[in-house]
Structure formats: structure tokens, C-alpha cells
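Beneath this line is the structure, given in C-alpha cells, with notes to follow.
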Amino acid sequence: MSNSLMKIEKVKAYYMLKDRYVKAVDNISFEINENEVIGVVGESGCGKSTLSNVLMMNIIKPLALIDGKILFKTNGSYKEISSLSREEVRKDFWGKKMALIPQAAMNALMPTIKIEKYVEHLADAHNIPKDKFLKKAKERFEKVDLDPKWLKRFPFELSGGMKQRAVIAIATLLDPDLLIADEPTSALDVVNQKMFLKILMEMKKQGIVKSIIFVTHDIATIRQIADRMLVMYAGKIMEISPIDKIVEKPLNPYTQGLLNSVLTPEPEIKKRGITTIPGAPPNLIDPPKGCRFHPRCPHAMDICKEKEPELKEVEPGRKVACFLYSEERS
Amino acid sequence: MSRLIVKNLSKTFLLGFFSKRKVEAVKNISFEVKENEIVSLVGESGSGKSTTAKMILRLIAPTSGEIIFEGKDIWKDLNTKNEIISFRKNLHAVFQDPFASYNPFYPVERTLWQVLKLLDKNISKKEGLNLIKESLFKVGLDPKDILGKYPHQISGGQKQRIMIARCWLLKPSFIIADEPTSMIDASSRGGIIKLLTKLRDEQGTSIMFITHDLGLAYYVSDRIFVMKNGEIVEQGTPDEVVLNPQHKYTKQLIESIPKLYEKMEDI
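For the protein sequence lines, the chains are A and B, in the order given.
All residue numbers for the first sequence refer to the numbering used here, where the first residue is 553 and numbers rise by one.
All residue numbers for the second sequence refer to the numbering used here, where the first residue is 61 and numbers rise by one.
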């Protein structure tokens, strides 16, 4: 038995328009290990948020799962959730096995219903007695540094940082194995960001959640919490590696470009300067042939325009999709 | 010599209709900006940094204090229309939202024509077009990609570059850049910063960045002012402020910013 919690095998998920596809997630394979935090980064429009919906099997038209398998480990064996309907996955997996904090979740709280209503809805959906569940919610609120009295309040009475903490407390009430958080910190100021990250890691330490997928465009945040980093570009995985190794020596030219545009108050950054990646990400209806990054890549070779590089292991634990690290280059 | 001197500047807003409430947005701040200098005013939302910028831009009047730009008090010594126009030519702004800086009904180069008309009312079409093309080249844009396009047809980074092209035409001596990079993708941020520092290097322009991003301030500035609740709580060179902060607030702020090469110990 391998120790991966989830296996994603050659998954393709496209948005279907009238006569065209938007290839937002195109032939992606990776595994999520137990007890690990994976940071997913990429520019806007690279398929990060689509990937988090696909992992949840939250597939609503026009998004469609075209090909591939998604396996999730429950009770010691793998269940192919990609063969189930959205409704079945929702009933058996959502909340209990996997939970998603969508982008801007804290701003989607209905202003006219009290926070505790969300807890009651969750109890209803899973046939759990409400009193018992509310008690659990109160305990969890204390864990995320929120006074349980806020359960009786309306969302607009809470500050941004408090709302985000309330969201994570409710999302993890059923102790899911996998938590997917899509840009959970980007709307918060740095002090609240740090507090949120602390809470997230504390939940992992206490075993409330086992593995975390953290989707963001902020590499410095991922650096603080992730074990591995997954770099996406135009619907493809460009590189997946342990975070320390990526920061020390990024391999894919796209990863290099991303890291070189990070601007944090550190002397190292001032010394090396910041650079830009020329051009803009491609349209995913008709992505470039070959490597999708080749029109913007400073190292593009002839083969990059013709063939698509495969995601290959180049060092133990490091996978890169780039011909610079492949024997096929000549 | 100091190009801009701010002395004991304060702004108090009165809120409410019947029961008046006072909000002290800026409390008695003083600082100077020299020629050829890049400074940053750093603070969180509500710290008073934008109010300060608006007062220097002569958009809202201060409650008390003086703002002296190139030897003249901008709220007392500018009386005629010509004086104000000349002030606006010399002190220019680049704002946060490149989408809001353009009128969607006109091609983007209109914003450059307006600048040319401000400089010389009788400029010929041909001469103007040449100047516009030259300024676009300066900011790394190909005029072919820009001329005749409408704002929705070009990217945010390109729009922000055109705003800087405006600065090349106008050649102001002082630029206030209010969060110029916060709405554009990180991958094109470096280019915008380089363009602004190039203006300083080639024309001796003084630049004041208004930002919440201490990473940006640390990277570009000669001096940093940290604002909190309307006061400047700390100032110094970037290395002094970031590597050896003295004030409690600055310390907390720097501790909370995630770094690339250093892991937080308490997470």
C-alpha cells in the first residue's frame, strides 16, 4: 500500500463552449501523500482553481471531465471517485473526506443569516444531531481563536480575518482527510495572513486534517508551510518538487521566472534583482503547440515548438516537464 | 536641496450629520524629499498614507500644516490658473487602478494627446505622433500594438506602462506612485518598477511610492517612512527599517511578512 492519499492519473478537464474547448486542466498526473502540504502556484488563468474543483469532483457544466482517473484512499483501499457522479461524491466524500475553501469564501457568506446556521446546514446534510454538532463547532471556534459567541452573529459583524477563521473552522468540522484551500489568504493583511497560516498548520498537527492543498499565487506564503510545490502553467504541470529544492534551484524556466519576480523585503532579493517574464499566458482554447511556455521561454529550442515535454523525474522526488532536462533535446 | 517639504501636516475629517465625530487621518507629520530621491510611504489601509498623498497632489486641503513644493506652498502660493497648471505639470501621479485611469470610449493614446495639448496647444499632428511613439518606445511598448486600441483590448501591465509613457512626455520633477503594481500580475511587476527607476536615473525625477507592500518599498527606495494611525512611526534607509526595526508596529509587520529565503519559526 503506498502512502498516497489521492492519486490523479492523466486527468483532462475542459470547459465546453459551443464548438470549442477551454483546456484548463490538460493531462495532469500527480499524487497527494498523507500528511503533506502541497502548494499550487501559477499566474492567473493557469487552471489552479479548476484543478481544485476537479479534485473535489465538483464538476458542473460547462466544465467536464474528459479523461483520466482520480483515486481517493478510504478505509485502506482506493476508491475511484472519478467514476462516481457529483451527487454521489458529495454525499460520501464532501466534508467528511475532503473539503474545499473556495476563493473568496469569506465574502460569500450570506449577510442575513447567522454563522451558526451554516453549522446547522452541515448537520442537516449529514444527519447529525444539531445540538451535539453546535457544541463541537463551539470547541473548534475556540481552537481558531474565535469567541464562540460569534456563532450567534451575522457575517458582516466579523472582520475579514475573523470571517476567514470562521470559514476554516466550519469547513473542517467533520475532520476531512484532505483540505483544499483556494487563495485563502490573498484578501487578508499580513498580520491576519500569518495567523491563518498558524491555525492551518495547527489543524494539521492535531490531525484534524491530514493533507492540505494550498492554491495561491504567492510563493513566499507557500514557502512557509508547504512540503512540495506544484507549478502550473496553461493547464499543465511544469514542475513538482520539494519546496526547499525549488527555492534553492528552480529547474523549469517558468519556475525560475516566477521565483525571480518574487518581491519580499530581504537583502537576497535586492542583490539578485527582480525580473519579468515577457508576454502573457496563452489562450487555453488554442494553446501553443509543443511546450506551452515556449513563446515566453528564454531557453526555447526547436524541439520545444514541436513536441510537448513530459513530466519526468530528474532527481529523486523532483519532476520537471522541460526538454532542458531530457535526453530528447538534440 | 529638498524638492518637497512637508511640515506639521494634519488632516481631520468631520463625520456625521447631527452628532459630529472627528477622525484624525493624518497627525502632524513632517518629512522632506530631495531631488533624485525615491521614498516610500508604507502603511496598512487606514494608516493615512493615501490622505497624505492626496494633500500633496492638491486634491484635498489639509487642516493644518504646510506643503512646500519647489519653494512654493502649494495651498497658499498658487493663485493663478497658470501657476496651478505648471504645478500639475511638475507633480504628477500614477495611480493604482490602470483600468480606472482610461475612458473606455476613446482609444488609449488619447490620454497621451491630452498631455501634449497641455504642453503646447498648437502642436501639429505629425510632431505629436512622433513624440507619442518615442514615449511608447521608452516604456518598452511597440506603438503598433497600442495606437488605435481601446482600453479593454490591452492588458493591465500595458495600461500602466502607458501611464508611465505620459510621465516621459510631461517630464515632471516629482511623481507620486500610489500602489502602481498592486493590480498587475507579479510576472510583469518588475518591468513597471524598472521604468519608474529609469525615470529617476535619466531625468532626476523624485518619486514617492505609496504602498502597503514593504517588499516593494525595500527594493526601490532610498528612504522609507512607516505610517500607522496617521503618524510616521519609523523612518530610515531600507536596511535600517527592514533589518533593524525599532518601533513595535514595524517589528510586528516585518515579522508577519512571509519571506522566500527564510522560514518563520513560529508556524
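The beta carbon of each residue, even a glycine, is placed where N, CA and C say it ideally should be.
message: Using a Cβ-Cβ distance cut-off of 9 Å, determine whether V168/B contacts chain A.
response: Counted from its first residue, the second sequence places residue 168/B at position 108. No, V168/B lies away from the interface with chain A (no Cβ there is under 9 Å from its Cβ).
task: Whole angstroms is fine: what's the gap from F197/B's alpha carbon to P840/A's?
output: Looking up residue 197/B in the second sequence gives position 137. Looking up residue 840/A in the first sequence gives position 288. So the alpha carbons of these two residues sit roughly 28 Å apart.
- prompt: If you draw a straight line from the C-alpha of V175/B to the C-alpha of S184/B, how long is it?
  reply: Translated into positions along the second sequence, residue 175/B becomes position 115. Translated into positions along the second sequence, residue 184/B becomes position 124. Approximately 14 Å between the Cα atoms of the pair.
message: I believe R283/B touches T271/B by the beta-carbon criterion, under 8 Å. Please report the beta-carbon distance rounded to the nearest angstrom.
response: Position 223 of the second sequence, counting from 1, holds the residue named residue 283/B. Position 211 of the second sequence, counting from 1, holds the residue named residue 271/B. R283/B to T271/B, Cβ: 14 Å. No contact.
- request: List in chain order: all unbroken alpha helix (DSSP H) runs of 4+ residues lying wholly within the region 683 to 728 of chain A.
  value: Correct list: 712 to 723.
- prompt: How close, in whole Å, do the beta carbons of V593/A and V563/A come, if the pair is a contact with beta carbons under 8 Å?
  reply: Along the first sequence, one-based indexing puts residue 593/A at 41. Along the first sequence, one-based indexing puts residue 563/A at 11. Between V563/A and V593/A the Cβ distance is about 19 Å, and since that is not below 8 Å, they are no contact.
- prompt: Is there a Cβ from chain A that is less than 9 Å from the Cβ of K319/B?
  reply: Position 259 of the second sequence holds residue 319/B. So yes, K319/B belongs to the interface.
Beta-carbon proximity of F129/B to F269/B, cut-off 9 Å: Position 69 of the second sequence, counting from 1, holds the residue named residue 129/B. Position 209 of the second sequence, counting from 1, holds the residue named residue 269/B. In this structure, F269/B does not lie closer than 9 Å to F129/B by Cβ.
message: So Q776/A contacts chain B; which residues on that side make the cut at Cβ distance below 7 Å?
response: In the first sequence, the residue the question calls residue 776/A occupies position 224. P318, K323, M324, I327, listed in chain order.
- request: With DSSP as the reference, label T310/B as helix, strand or coil.
  value: If you number the second sequence from 1, residue 310/B lands on position 250. Helix, per DSSP.
message: Using a Cβ-Cβ distance cut-off of 9 Å, determine whether V99/B contacts chain A.
response: Your numbering for residue 99/B matches position 39 in the second sequence. So no, V99/B is outside the interface.
query: How about V799/A: is its C-beta nearer than 9 Å to some C-beta of chain B?
result: Counting from one through the first sequence, the residue named residue 799/A turns up at place 247. V799/A counts as touching chain B.
- request: Return the first residue and the last residue of the beta strand (DSSP E) that L151/B is part of.
  value: For this step, residue 151/B is matched to residue 91 along the second sequence. First-last of the beta strand (DSSP E) with L151/B: 151 to 154.
- request: Output yes if chain A places a C-beta closer than 9 Å to the C-beta of E104/B; else output no.
  value: For the purposes of this step, residue 104/B is identified with residue 44 of the second sequence, where counting begins at 1. Yes, E104/B counts as interfacial toward chain A.
- request: Between the Cα of N585/A and those of I777/A, I765/A, R775/A, E862/A, spot the shortest distance and give me the residue it belongs to.
  value: Here residue 585/A corresponds to residue number 33 of the first sequence, with the count starting at 1. Comparing C-alpha distances from N585/A to each of I777/A, I765/A, R775/A, E862/A shows the shortest one belongs to I765/A.
message: On the CB-based measure, 16 or more other CB atoms within 10 Å of its CB, does F330/B come out buried or exposed?
response: Chain B is shown only over 61 to 327; residue 330/B falls outside these bounds and no answer can be derived.
query: Shorter than 9 Å from the beta carbon of Q312/B to some beta carbon of chain A?
result: Sequence index remark: in the second sequence, residue 312/B carries index 252 (1-based). Yes, its Cβ sits closer than 9 Å to a Cβ of chain A.
- request: Between the Cα of P833/A and those of E294/B, K288/B, M287/B, D245/B, spot the shortest distance and give me the residue it belongs to.
  value: For this step, residue 833/A is matched to residue 281 along the first sequence. If we check each option's Cα against that of P833/A, D245/B comes out closest.
query: Roughly how many angstroms separate the alpha carbons of S248/B and Q716/A, rounded to a whole number?
result: Here residue 248/B refers to the residue found at position 188 when the second sequence is read from its first residue. Here residue 716/A refers to the residue found at position 164 when the first sequence is read from its first residue. For S248/B and Q716/A, the distance between alpha carbons rounds to 29 Å.
query: In the DSSP assignment, what are the bridge partners of L617/A?
result: Within the first sequence, the letter at position 65 stands for residue 617/A. Residue pairing from DSSP places L617/A in a beta bridge opposite A565/A.
message: Applying the 10 Å Cβ sphere with the 16-neighbour rule, what's the burial state of F165/B?
response: By one-based count along the second sequence, residue 165/B stands at place 105. Under the 10 Å beta carbon count, F165/B is surrounded by fewer than 16 other beta carbons and is classified as exposed.
- prompt: Taking only runs of the alpha helix (DSSP H) that begin and end inside the region 64 to 151 of chain B, which ones reach a length of at least 4 residues, in chain order?
  reply: Counting whole runs of 4 or more residues, the region 64 to 151 of chain B contains the alpha helix (DSSP H) stretches 109 to 116, 141 to 150.
- prompt: So, does the CB of P298/B fall closer than 9 Å to a CB anywhere in chain A?
  reply: Position 238 of the second sequence, counted from the first residue, corresponds to residue 298/B. Taking Cβ atoms only, chain A reaches closer than 9 Å to P298/B, which makes this a yes.
message: With a threshold of 9 Å between beta carbons, is Q745/A in contact with chain B?
response: The residue you call residue 745/A lines up with position 193 of the first sequence. Yes, Q745/A counts as interfacial toward chain B.
- prompt: Where E668/A and P700/A are concerned, what is the direct C-alpha to C-alpha distance, given to the nearest angstrom?
  reply: To locate residue 668/A, count along the first sequence from 1; it is residue 116. To locate residue 700/A, count along the first sequence from 1; it is residue 148. Their Cα atoms are separated by approximately 10 Å.
- prompt: Taking the alpha carbon of L623/A as the point to measure from, which residue in S581/A, Q655/A, A656/A, M658/A has its own alpha carbon closest?
  reply: Locating residue 623/A in the first sequence gives position 71, counting from the first residue. Comparing Cα positions, the closest option is S581/A.
task: Measure the CB-CB distance between I192/B and A225/B and report whether it falls below 9 Å.
output: Locating residue 192/B in the second sequence gives position 132, counting from the first residue. Locating residue 225/B in the second sequence gives position 165, counting from the first residue. For I192/B and A225/B, yes; Cβs fall inside 9 Å.
field: Beta-carbon contacts of T816/A that lie in its chain and below 7 Å, excluding the five residues immediately before and after
entry: As a working mapping, residue 816/A is identified with position 264 in the first sequence. Only A772 meet the Cβ criterion.
query: Helix, strand or coil: which one does DSSP assign to E583/A?
result: Stepping through the first sequence from its first residue, residue 583/A is reached at position 31. In the three-state DSSP reduction, E583/A falls in the strand class (E or B).
message: Less than 9 Å between CB atoms is the rule here; does P736/A satisfy it with respect to chain B?
response: Position 184 of the first sequence, counted from the start, is the residue given in the question as residue 736/A. It does not; no Cβ of chain B falls within 9 Å.
field: Where the region 750 to 772 of chain A meets chain B: residues whose CB sits under 8 Å from a CB there
entry: K750, M753, H769, D770, I771, A772
- request: Hey, could you find the ends of the alpha helix (DSSP H) P914/A is sitting in?
  value: Nothing about residue 914/A can be read from this structure; chain A reaches only from 553 to 882.
- prompt: Given that a residue counts as buried once 16 or more other Cβ atoms are within 10 Å of its Cβ, and exposed if not, what is Y210/B?
  reply: What you label residue 210/B is simply residue 150 of the second sequence in a count that begins at 1. Flag for Y210/B reads exposed.
message: On the criterion of 16 or more Cβ atoms from any shown chain inside 10 Å, does G188/B qualify as buried, or is it exposed?
response: Indexing the second sequence from 1 puts residue 188/B at position 128. Buried: at least 16 other Cβ atoms inside 10 Å.
- prompt: Should M61/B go down as buried or exposed, given a rule of 16 or more other Cβ atoms within 10 Å for buried?
  reply: Translated into positions along the second sequence, residue 61/B becomes position 1. It counts as exposed.
task: May I have the straight-line CA-CA distance separating G290/B from K219/B, to the nearest angstrom?
output: Here residue 290/B refers to the residue found at position 230 of the second sequence. Here residue 219/B refers to the residue found at position 159 of the second sequence. If you take the alpha carbons of G290/B and K219/B, they lie about 32 Å apart.
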